[in-house]
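Residues in the sequence shown are numbered consecutively from 0, following numbering that gives the first Met the number 0.
Cβ atoms here follow ideal geometry from the backbone N, Cα and C, with glycine treated the same way.
Computed from a prediction, not measured in an experiment: that's the story for all the values here.
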Amino acid sequence: MKILVTGSAGFIGSALSIRLLERGDEVVGIDNHNDYYDPKLKEARLNRHVEHKNYTHIRMDIENQKLVESLFKDHQFDGVVNLAAQAGVRYSIENPLAYINTNIVGFSHILEGCRHNQVAHLVYASSSSVYGSNTNMPFSIHDNVDHPLSLYAATKKANELMAHTYSNLYDLPTTGLRFFTVYGPWGRPDMALFKFTKAILSGKKIQVFNHGKHRRDFTYIDDIVEGIIRVLDKPAMPNKDWKGSDPDSGSSSAPWRVYNIGNNSPVELLDYISAIEEALNLKAEKELLPLQPGDVPDTYANVEALVKEFDYKPSMPVKTGVANFVDWYKEYHGN
């Protein structure tokens, strides 16, 4: 297939591009290479696959409507995986308009490109953050997600609603994937694993919010990529049993679906830090702090739908995944 991967120099986008190329797909990757974090890491990720004969890289921004129109018209994609987004819960409190411009306006351009060019399936990144104030554990795709706690979460919920409209009006198959705390080699520097590892190696104190009582469903990058590919290969179908009188939040009478991709095994933040300490053979000096605005105390993914419909469940143990990251970090930084 010919696949468009947006955000292809990003953590997930780069890993996905490599896997698609390995199985013989043609991949067109786009990324704006912004400076939300060190662009050198994005370049290094990209260098792993940019020379592949079936890979084409384009530096562009999905906020640019004309460029996105031309991209879709010129390439005629079979499938699209939209991973381009302004990420980060905390940054959304400081700079909300960045999220509106990329996650809402940019996503609308991707939807339009798919609509006008007969794309067979659009898969897009949603987030566990959409569950917001919900305290029912584990989080289920059948739960209500109308109470986001950050603008980032609100934009991801909006993406699901926008996609549903296009699925309903234009019969465009769309699938949203609610990722749960993705980690692993080549990860983002603004994520806890990267920040903690860097600080511990530098002998600096780490900031531990909610006094370390957070629980997160940490999901390894390879598990995320496998889930994306399985979903991409099976375009969303209408749920023939869906009823407006008893609406299911995870499916529709339109070709629209959402799924959780999580490890289905939440880990307390202090235990996660212990895994990092063990991998580094160093102890962390901790500064225990209260819960931050926009954060949720716990995440825990119900993945029954993923298992049932794709025979797939993420499974990487956190200790192994963290050790893999630490090995990569030391090699990448020459520690």
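In the assembly as shown, R44 is a buried residue. Its beta-carbon has 16 or more other beta-carbons within 10 Å. Around the CB of T298, 16 or more other CB atoms lie within 10 Å, so the residue is classed as buried. With a cut-off of 8 Å on Cβ pairs, the region 210-228 is in contact with the region 177-191, counting three or more such pairs. When secondary structure is reduced to three states using DSSP, D270 falls in the helix class.
A straight-line Cα-Cα distance of about 16 Å links D73 and N63. Secondary structure at Q64: helix, using DSSP grouped into helix, strand and coil.
Contact annotation, D34 with P188: C-beta distance approximately 12 Å; criterion of less than 8 Å not satisfied.
Cα atoms of A124 and L305: separation of roughly 15 Å, rounded to the nearest angstrom. DSSP, reduced to helix, strand and coil, places N158 within a helical segment of the structure shown. DSSP places A278 in the helix class (H, G or I) of the three-state scheme. Taking a cut-off of 8 Å on C-beta distances, the region 228-243 does not touch the region 265-279, as fewer than three cross pairs fall below it.
In the same chain as N116, and ignoring 5 residues on each side of it, the C-beta atoms closer than 8 Å to its own belong to F71, K72, Q75 and F76, in chain order. Judged by beta-carbon spacing, V122 lies beyond the 8 Å limit of T55, meaning their Cβ atoms are not closer than that value.
Residue pairing from DSSP places S126 in a beta bridge opposite F178.
Here S91 is not near S166, since their CB atoms are 8 Å or more apart.
Below 8 Å, too few C-beta pairs join the region 102-116 and the region 131-149 to call them touching: fewer than three. In this structure, Y151 places its C-beta atom within 8 Å of the C-beta atom of S128. The beta carbon of R229 sits closer than 6 Å to the beta carbons of F309 and Y311 from its chain, once the five residues preceding and following it are set aside; these are given in chain order.
Under the three-state reduction of DSSP output, T55 falls in the strand class. Around the beta carbon of Y331, fewer than 16 other beta carbons lie within 10 angstroms, which makes this residue exposed.
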